[in-house]
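Worksheet: one structure, shown below.
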Amino acid sequence: MTEGTATPRWVDRVLTINGWIVFLFLYLPILVLVAYSFSGSSTVGIWGGFSFQWYRQMFGNEALMDSLRNSLVVALISTVVATVLGTAAGIAIDRYRRWLGRRTFDALLYLPVIIPDVTMAIMLLLWFTTINLALGLSTIIISHIAFNISFVAIVVRSRLAHLDPSLEEAAMDLYASRWKTFRRVTLPLIMPGVLGGALLALTLSLDDVVITQLVQGPGATTLPVFVFGLIKRSVTPEINAVSTVMLIASMVLVFVSLGFQRRGERYD
Amino acid sequence: MTLLDDKPDRDTEAANPELERKAERAESWRGFFHALPSFVYLIFFFALPLVIVLVVSFSGRKGTGSPSFDDWTLDAYRKLFDTTVLRIAWRSLTMATLNTVICLAIGYPFAYWLATRSKQSTRNLLLVLVLIPFWSNFLVRTYAWRILLDSDGPITRIGEATGLWGKLLFTQPAVFLGLLYGYLPFMVLPLYAALERMDWSLVEAGRDLYATGWGAFRRITWPLSRPGVIAGSILVFIPSLGAYVTPAILGGAKTTLLGDYIVTQFTSARNWPFGSAVSVVILTVMLIATLVYFRTGARTL
Amino acid sequence: MTETAVGIHGVTKRFGDVVAVDNIDLEIPDGEFFSLLGPSGCGKTTTLRMVAGLEFPTEGSIKIFNEEMALRPPNKRPVNTVFQSYALFPHMSIADNIAFGLQMRGVNKAEITQKVNEAIELVRLSGMENRKPKQLSGGQQQRVALARALVNRPKVLLLDEPLGALDLKLRQAMQLELKDIQREVGITFVYVTHDQEEALTMSDRIGIMNEGKLLQIGASEDIYENPNSRFVAGFIGETNFIAGTVAEEGAVRLSNGVAVKARTFSGAGSEVTVTLRPEKIHLHQTPDTARPGYNTVPGKVSRRIYYGESLYYEIDIGTGDLIDARVENVPSQARYEAGDQIVIAFHPEAAEALTE
Chain A
1 MTEGTATPRW
11 VDRVLTINGW
21 IVFLFLYLPI
31 LVLVAYSFSG
41 SSTVGIWGGF
51 SFQWYRQMFG
61 NEALMDSLRN
71 SLVVALISTV
81 VATVLGTAAG
91 IAIDRYRRWL
101 GRRTFDALLY
111 LPVIIPDVTM
121 AIMLLLWFTT
131 INLALGLSTI
141 IISHIAFNIS
151 FVAIVVRSRL
161 AHLDPSLEEA
171 AMDLYASRWK
181 TFRRVTLPLI
191 MPGVLGGALL
201 ALTLSLDDVV
211 ITQLVQGPGA
221 TTLPVFVFGL
231 IKRSVTPEIN
241 AVSTVMLIAS
251 MVLVFVSLGF
261 QRRGERYD
Chain B
1001 MTLLDDKPDR
1011 DTEAANPELE
1021 RKAERAESWR
1031 GFFHALPSFV
1041 YLIFFFALPL
1051 VIVLVVSFSG
1061 RKGTGSPSFD
1071 DWTLDAYRKL
1081 FDTTVLRIAW
1091 RSLTMATLNT
1101 VICLAIGYPF
1111 AYWLATRSKQ
1121 STRNLLLVLV
1131 LIPFWSNFLV
1141 RTYAWRILLD
1151 SDGPITRIGE
1161 ATGLWGKLLF
1171 TQPAVFLGLL
1181 YGYLPFMVLP
1191 LYAALERMDW
1201 SLVEAGRDLY
1211 ATGWGAFRRI
1221 TWPLSRPGVI
1231 AGSILVFIPS
1241 LGAYVTPAIL
1251 GGAKTTLLGD
1261 YIVTQFTSAR
1271 NWPFGSAVSV
1281 VILTVMLIAT
1291 LVYFRTGART
1301 L
Chain C
2001 MTETAVGIHG
2011 VTKRFGDVVA
2021 VDNIDLEIPD
2031 GEFFSLLGPS
2041 GCGKTTTLRM
2051 VAGLEFPTEG
2061 SIKIFNEEMA
2071 LRPPNKRPVN
2081 TVFQSYALFP
2091 HMSIADNIAF
2101 GLQMRGVNKA
2111 EITQKVNEAI
2121 ELVRLSGMEN
2131 RKPKQLSGGQ
2141 QQRVALARAL
2151 VNRPKVLLLD
2161 EPLGALDLKL
2171 RQAMQLELKD
2181 IQREVGITFV
2191 YVTHDQEEAL
2201 TMSDRIGIMN
2211 EGKLLQIGAS
2221 EDIYENPNSR
2231 FVAGFIGETN
2241 FIAGTVAEEG
2251 AVRLSNGVAV
2261 KARTFSGAGS
2271 EVTVTLRPEK
2281 IHLHQTPDTA
2291 RPGYNTVPGK
2301 VSRRIYYGES
2311 LYYEIDIGTG
2321 DLIDARVENV
2331 PSQARYEAGD
2341 QIVIAFHPEA
2351 AEALTE
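Residue numbers (the working numbering), protein chains in the order written: chain A, 1 to 268; chain B, 1001 to 1301; chain C, 2001 to 2356.
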């Protein structure tokens, strides 16, 4: 594929140098952060010998652990609900071409993806206040589901678009009911998309700061919001340790999602 | 499209246009019901909240800052023209635009380089290396710069040692660096997707027809990658405009951006209608930007 | 008395303003290999899909062995389809693909295994049971699709251009194999194709469709020798079209003024097109060497093309277009050069004067 591009050698060399610079730019800050998390010094930017003390402190911090637990609960629940609803929505858009309100729904699905999260945060805050819903873990979950449905729907829909509709016709031709067709043919084949969407939803939920901060109310909080608060108050090396753990978790998710993608390609 | 699955008494009739219409309607309802739960959810927790923002932006306010819903006024919108507000808006707009342009300037060659590596395995590996920062927690990635730019941070010390720069933290350049760092992957990935999908034999054909390297790029590659450029630009511009975390961590009092400003209206500044008005303006800008995107023929993000 | 396997009466399918299938009537007896033949967009696939249950007819009745099925969903019909893209389930093995229909009908496991093995042997794919479709060649995938349908012993098998994706040699081999399998299994086959050679060689009867209408039904020979319209004559095999006017019953005056004897179907004075197939034309030096009773028309050879097993002559007889004549490449046939003045001869029965 790329043999035909024939970029002149010097251009290619410049591009390669640019490439490595960008990679350096992307990774250096993260690597520095990870390095400092193991630093024994209590001043954040100064190295003070190798130490696990910040990690120990982190695990002993009850408020932090609570917020972590909340994050996981919120992420899990909102991911599951958003995945189910989003998958159904993706199917509705791709496999059914004419129904009441389809075009409106299509537009509505795209909005949460492009809207800045600040706007979404105040929207939901205003709404919860208007309908008198008490702010807390439940409003956090509700909000996360609201923006995640769209992401799942988009991923599932693009996966469906690549699925030959005659496969489902063949299943029905072979005596399968609609439900059996879905369970034995459609679902297994879009599963990489469903899982990809779920993973995206999980990440977005674990990442979210603004929306959660505004709709969480006075009580429980999630990990990123807790860390955000810590950062704004005063920067301590403990934050470095928390950050490193969060980074590793993200990386694990990347590799898991790649695993699913590889599985999906096996059938193409 | 098939038929009325569960009408046994109908099984022995011949077809007629009325029954065909019934079958089409049944199919249509099936589609509707698949979407119904999400539809209801999004109406209730997205569309209606949007309406509320609009409504609140026109309402008066109580002492606590929340809307009063008794008196209607354009005060919030009038406040938009205050110098402070305009300055903040202008700052945000310029930051967002500058960020988008620089991300494009750096990101396009980078994506092009990625897409033109000849071996699929190399491309996959490089793509994974880009995905890792992309999926990493945004807060953490921004925080990393907080450390680098702090008074004892490595970058500050290098700057002081070479005499090139002093402490950058809490200044506008710091926020800009944070935005660039945060959103660069959002520009690279759609660009890479568009370039990777491209049919490079078209470039070959162009070369065959005597185009120079630059000419082939300008008239073949660039236009074909435009959907990716537009998608990437939108994915960078809109979040940059509404950036909250980045200026909160890396910026200071003098570098307030729209995102933070809006949130303050709902917390310390206690002026919900005004916060809503600003949001309405941002939403309108965003809507225009996306309409431009879809008008250029792109159908998916 | 053979039963009617497929009875299509008054079936129409409209998509908005477009009439895809226009009021067709068709009866296919049990055990027949029937082909629906026509150019792309003629409505043959839509018709097939309505028999399968994948499309809802706008009007009409579709009966399988006298049971009305027009409204029945595809999973309740005793018919199975072989799709053009094969539609093999990529995430299942060959054996699971074939077993699918039986599983859906609740057949017990032991019976399923036995039937699947029989089917795999029938299409000569033994040993491939556990492979995935992606690992098979196009021809092998096609046979899996066939086995997957046949294992359910449907009353009618529908095939939608199943050989389209195969290369020529493989396609010809598969045509014969399909015909053999059909005879062996004894099921009614309804076969859709745009390839007239395929239809001619495989079918017991052919139905020619164009623009939604069913133009002519008949056995291969019948359609070939007695096309009822210009379209059918032109679609099947090669034909020459010569304009003329009917002089009286059985006689036509061609546009070059020459009078010939031909089969006529309209009254004197009507404008007709005389259809004449290239292989029915003999070439002679002079009219007297032509066989008795044959029409003779003088002409000049314009070009000769060598096809190996035959020679094609393009001949100008003064009617506007050139006439194609096909002559076998045997020593007994004289060869002519471009520019030669010759006489073409043909039997009156070989020429039809058609009005449409």
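Think of the CB as a built atom: it goes at the ideal place given N, C-alpha and C, for glycine as much as any other residue.
Can you tell me where the beta strand (DSSP E) with residue i in it begins and where it stops?
i, result
"S1068 of chain B", "1067-1072"
"K2063 of chain C", "2059-2064"
"S1059 of chain B", "1059-1061"
"H2009 of chain C", "2004-2015"
"R2105 of chain C", "Unbroken run through R2105 of chain C: none, as it is neither H nor E."
Cβ of residue i less than 8 Å from any chain A Cβ?
i, result
"E1027 of chain B", "yes"
"N1016 of chain B", "no"
"M1286 of chain B", "yes"
"M2104 of chain C", "yes"
"V1229 of chain B", "no"
"P1273 of chain B", "no"
Tell me the DSSP secondary structure of residue i in three-state form.
i, result
"N70 of chain A", "helix"
"K2115 of chain C", "helix"
"E2211 of chain C", "coil"
"I2281 of chain C", "coil"
"R2072 of chain C", "coil"
"Y2306 of chain C", "strand"
"Q53 of chain A", "helix"
"K180 of chain A", "helix"
"G19 of chain A", "helix"
"G2138 of chain C", "helix"
"G2339 of chain C", "coil"
"K2261 of chain C", "strand"
"T2081 of chain C", "strand"
"S2229 of chain C", "coil"
"P1008 of chain B", "With a pLDDT of only 47 at P1008 of chain B, under 50, the local geometry of the prediction cannot be trusted, and no value is derived from it."
Mind checking which residues open and close the alpha helix (DSSP H) that includes residue i?
i, result
"E2248 of chain C", "No alpha helix (DSSP H) holds E2248 of chain C; the beta strand (DSSP E) holding it covers 2240-2248."
"Q2172 of chain C", "2168-2185"
"R2326 of chain C", "Segment 2323-2328 is the beta strand (DSSP E) holding R2326 of chain C; no alpha helix (DSSP H) there."
"R1117 of chain B", "Premise fails: R1117 of chain B is in no alpha helix (DSSP H) and is neither H nor E."
Does the CB of residue i have a neighbour CB from chain C at under 8 Å?
i, result
"E1020 of chain B", "yes"
"K232 of chain A", "no"
"D12 of chain A", "no"
"L1291 of chain B", "no"
"Y175 of chain A", "yes"
"D94 of chain A", "no"
"M172 of chain A", "yes"
"E1204 of chain B", "no"
"M1 of chain A", "Here M1 of chain A scores only 40 on pLDDT, less than 50, and its place in the model should not be relied on; the value that follows carries that caveat. Chain C, which has no Cβ nearer than 8 Å to the Cβ of M1 of chain A, makes this no."
"P112 of chain A", "no"
Do we get a CB-CB distance below 8 Å when we pair residue i with the residues of chain B?
i, result
"T2058 of chain C", "yes"
"L2158 of chain C", "no"
"L2071 of chain C", "yes"
"S2255 of chain C", "no"
"S2061 of chain C", "yes"
Give me the DSSP bridge partner(s) of residue i.
i, result
"D2316 of chain C", "C:K2300"
"T2193 of chain C", "C:L2037"
"G1182 of chain B", "Answer is none; G1182 of chain B lacks a bridge partner."
"P2029 of chain C", "C:T2004"
"E1013 of chain B", "Answer by DSSP bridge pairing: none, since E1013 of chain B is not bridged."
"N2295 of chain C", "C:F2346"
Give a single yes or no on whether residue i has its beta carbon closer than 7 Å to a heavy atom of the ligand MN.
i, result
"R1078 of chain B", "This structure lacks the ligand MN, and indeed carries no ligand of any kind."
At 4 residues or longer, and completely inside the segment 1188-1270 of chain B: list those alpha helix (DSSP H) runs for me, N to C. 1201-1208, 1213-1216, 1222-1241, 1245-1250, 1258-1266
Length at least 4, wholly inside the segment 180-225 of chain A: the alpha helix (DSSP H) runs in chain order: 187-207, 210-215
Can you list the alpha helix (DSSP H) stretches of 4 or more residues lying completely in the segment 127-163 of chain A, in chain order? Fully enclosed alpha helix (DSSP H) runs of 4 or longer: 137-161.
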